[in-house]
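Notes follow the structure.
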Amino acid sequence: MDSKKMSEEEAEAIVEQVYGEGSILAAYERKIHQLRNLIEVAKFINATLEKETLLESILYSCQGQMGITCASIFINDIINDSLFVLETSIGLIPEPKMNINEDSPVIDLLKKSDASYITIRKQLKAKAFKGFLTMNKTLKGELIFPLKMKNKLNGFLILGSKLDGSDFTSKDIWYLSTFTEMASISVENMILFEVVTLDRMTKLYNHYYFQNRLIEEVNRAVRYLHNLSVVLIDLDWFKQVNDTYGHQEGDHVLKLFAALLRKNVRNTDILARYGGEEFAIILPESDLIKGKEVSEKIREAMAKVNFSSQSDRKIKLTASFGVSSLVKSKTNDEIDLLYLADKALYYSKENGRNRVTLYNEME
Numbered sequence: 001m002d003s004k005k006m007s008e009e010e011a012e013a014i015v016e017q018v019y020g021e022g023s024i025l026a027a028y029e030r031k032i033h034q035l036r037n038l039i040e041v042a043k044f045i046n047a048t049l050e051k052e053t054l055l056e057s058i059l060y061s062c063q064g065q066m067g068i069t070c071a072s073i074f075i076n077d078i079i080n081d082s083l084f085v086l087e088t089s090i091g092l093i094p095e096p097k098m099n100i101n102e103d104s105p106v107i108d109l110l111k112k113s114d115a116s117y118i119t120i121r122k123q124l125k126a127k128a129f130k131g132f133l134t135m136n137k138t139l140k141g142e143l144i145f146p147l148k149m150k151n152k153l154n155g156f157l158i159l160g161s162k163l164d165g166s167d168f169t170s171k172d173i174w175y176l177s178t179f180t181e182m183a184s185i186s187v188e189n190m191i192l193f194e195v196v197t198l199d200r201m202t203k204l205y206n207h208y209y210f211q212n213r214l215i216e217e218v219n220r221a222v223r224y225l226h227n228l229s230v231v232l233i234d235l236d237w238f239k240q241v242n243d244t245y246g247h248q249e250g251d252h253v254l255k256l257f258a259a260l261l262r263k264n265v266r267n268t269d270i271l272a273r274y275g276g277e278e279f280a281i282i283l284p285e286s287d288l289i290k291g292k293e294v295s296e297k298i299r300e301a302m303a304k305v306n307f308s309s310q311s312d313r314k315i316k317l318t319a320s321f322g323v324s325s326l327v328k329s330k331t332n333d334e335i336d337l338l339y340l341a342d343k344a345l346y347y348s349k350e351n352g353r354n355r356v357t358l359y360n361e362m363e
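Each step along the sequence shown adds one to the number in the numbering used here, with nothing skipped, and position 302 is 302.
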C-alpha cells in the first residue's frame with residue numbers, strides 16, 4: 001500500500017516536472033514564445049529605412065516588451081563621424097539634445113568591449129566616465145547596449161529602469177541582447193540608405209532619390225486619383241554669396257536654408273537638394289493652391305532670417321519658386337510635372353525673382 005502511494009506521489013512529481021509552471025517543457029514554451037515575439041518585433045523594425053520611424057520603433061519595442069521608464073538612442077553622425085548624436089528618446093521630458101564625442105571614454109569602452117551590454121552603475125564608476133555620468137543624470141540610464149556591425153560601432157541604446165522597480169533578470173538581458181543584435185542590422189541598413197540617398201551637406205534627399213521617389217508618388221497619385229504637387233526652388237543670386245564671402249559661408253547658407261525648409265513643410269512632404277542652389281519639394285495629397293501656400297510660407301520665412309554665420313553681419317536671401325500639380329495639369333508622368341515646375345521657376349527668375357509662379361499663371 002505504501003509502495004503504491006509512493007508511486008502515485010512520484011508520478012505526480014514527474015508530471016509536475018514535465019508539465020508544471022517551473023518545468024522544462026514550460027521553459028521551452030516560454031523560450032519559443034520569446035523567439036516568436038522577437039521575430040514579430042524584427043519584422044516591425046525592418047519595415048522601414050526612414051531614420052526617425054526606425055529609431056522610434058526600436059525604442060518603443062524595448063519599452064513595450066520590457067516595461068522600461070525611458071530609453072534613448074545615439075547614432076554615429078554620417079556627416080561628422082566623430083560625433084554620436086542623440087537622435088530620439090522616449091520617457092524624457094523635455095527631450096534632451098546632446099552629442100558624445102568619439103574620443104569619450106564611454107565610446108572607447110563600447111568599441112573595445114565584447115560584452116553585449118554595460119551596466120552603468122557597476123562599470124562606469126571611474127573618474128574617466130565623470131562626463132558621461134553627469135549626462136546620464138538627464139538620460140536616467142541603467143543599461144547600455146552597443147549597436148555594432150562587423151566590429152563597427154554605429155550607435156548605442158541607453159535603457160532606463162523598469163516600471164515596476166525590479167532589476168533586469170538574466171532572461172531580460174538575453175532578450176534585449178538578442179533584440180539589439182537584430183536592431184544593429186536595421187541601423188546598419190538605415191545608415192547605408194542614408195549614405196546613398198542623402199545630400200551630405202544639407203542632409204536633404206539627393207537628386208537621385210528625388211527622381212525615384214517622384215516616380216513612385218506620381219504612380220500612386222494617378223492610381224488613386226489623388227492630388228500631387230511639386231515645387232522647385234532656386235536661391236536668388238547665390239553665386240554672389242560665394243564670391244563675396246567664400247564657399248564656406250555659402251555652405252553655411254545652404255545648411256541654414258535646408259533647416260528652414262524642414263520647419264515649413266509637413267513630415268509627409270519630401271525635401272531634396274536638386275543640385276547646387278536648387279531645391280525641390282514633393283507635396284503628396286496637395287493641389288496647386290496648397291503648393292502655392294507652402295511656397296509663400298517659405299518665401300516669407302526667408303525674409304526674417306539672417307543667413308550669415310556671424311552675428312555682426314547680415315546676409316539676406318530670397319528665392320524663386322515654380323509650382324506644378326499633377327491633377328490640375330492633367331499629366332500622367334513625372335517628366336511633365338517637373339517640366340511645368342521648371343518652366344514656372346524660370347518665369348519667376350525672369351520676372352523679378354523673389355516670387356512664386358504657378359505653371360498656369362505664365363503668360
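Note that CB positions come from ideal geometry on N, CA and C, so glycine has one too.
- Between Thr69 and Gly160, the gap from beta carbon to beta carbon is short of 8 Å.
- The three-state secondary structure of Met362, taken from DSSP, is coil.
- By the Cβ test, the stretch 212-219 is in contact with the stretch 282-293, since at least three Cβ pairs between them sit closer than 8 Å.
- A contact between stretches requires three or more CB pairs, one per stretch, nearer than 8 Å, and the stretch 167-177 fails this requirement with the stretch 71-90.
- Membership of Pro94 in any alpha helix (DSSP H) is not indicated, and neither H nor E is assigned to it by DSSP.
- In this structure, the alpha-carbon of Lys314 lies about 7 Å from that of Phe307.
- A direct Cα-to-Cα measurement between Cys62 and Ile335 gives close to 44 Å.
- The Cβ-Cβ distance between Asn212 and Ala221 does not fall below 8 Å.
- Taking 4 residues as the shortest admissible run, the stretch 265-348 contains the following complete alpha helix (DSSP H) segments, listed from N- to C-terminal end: 288-302, 326-329.
- Residue pairing of Met149 in beta bridges, as defined by DSSP: Lys152.
- The way I'd put it, the stretch 110-129 doesn't touch the stretch 187-207; fewer than three beta-carbon pairs between them come closer than 8 Å.
- DSSP places Ser184 inside the alpha helix (DSSP H), whose first and last residues are 170-197.
- Inter-residue distance for Ala319 and Leu109 is about 48 Å (C-alpha atoms, whole angstroms).
- Separation of Leu163 and Asp312 (C-alpha to C-alpha, rounded to the nearest whole angstrom) is 50 Å.
- Taking a cut-off of 8 Å on C-beta distances, the stretch 341-351 touches the stretch 231-251, as three or more cross pairs fall below it.
- With respect to the C-alpha of Asn206, the residue from Lys140, Glu277, Ser186 having the closest C-alpha is Glu277.
- One Cα belongs to Phe44, the other to Phe156, and the distance between them is close to 19 Å.
- Proximity to Leu340 across Thr357, Gln65, Glu350 peaks at Thr357, based on C-alpha coordinates.
- In the structure shown, the three-state DSSP call for Asp251 is helix.
- The three-state reading of DSSP puts Lys203 in coil, since its state is none of H, G, I, E or B.
- Val253 and Met98 have their C-alpha atoms roughly 23 Å apart.
- In chain order, Phe210, Leu232, Ala272, Tyr274 place their CB closer than 6 Å to the CB of Ala280, counting only its own chain and leaving out the 5 sequence neighbours on each side.
- Cβ-Cβ separation between Ser186 and Leu54: approximately 6 Å, consistent with a contact (criterion under 8 Å).
- Contact between Leu124 and Val106 holds, with the beta-carbon distance rounding to 7 Å and staying under 8 Å.
- Taking C-beta atoms as the reference points, Ser184 and Lys148 count as a pair closer than 8 Å.
- The continuous alpha helix (DSSP H) containing Leu55 extends over residues 51-66.
- Around the C-beta of Ile93, fewer than 16 other C-beta atoms lie within 10 Å, and the residue is accordingly described as exposed.
- In this chain, the beta strand (DSSP E) harbouring Phe74 covers 71-76.
- Under the three-state reduction of DSSP output, Asn219 falls in the helix class.
- One alpha carbon belongs to Arg299, the other to Asp333, and they sit about 28 Å apart.
- Ser57 is positioned such that its CB atom lies no closer than 8 Å to that of Ala71.
- Between Lys292 and Val323, the C-beta spacing is below 8 Å.
- Inter-residue distance for Asn242 and Lys255 is about 14 Å (C-alpha atoms, whole angstroms).
- Between the beta-carbon of Phe129 and that of Ile100 there is about 11 Å, and that puts the pair past the 8 Å contact cut.
- In the DSSP assignment, Asn101 falls within the unbroken beta strand (DSSP E) covering 99-101.
- In this structure, Leu260 sits near Val305, with a CB-CB distance shorter than 8 Å.
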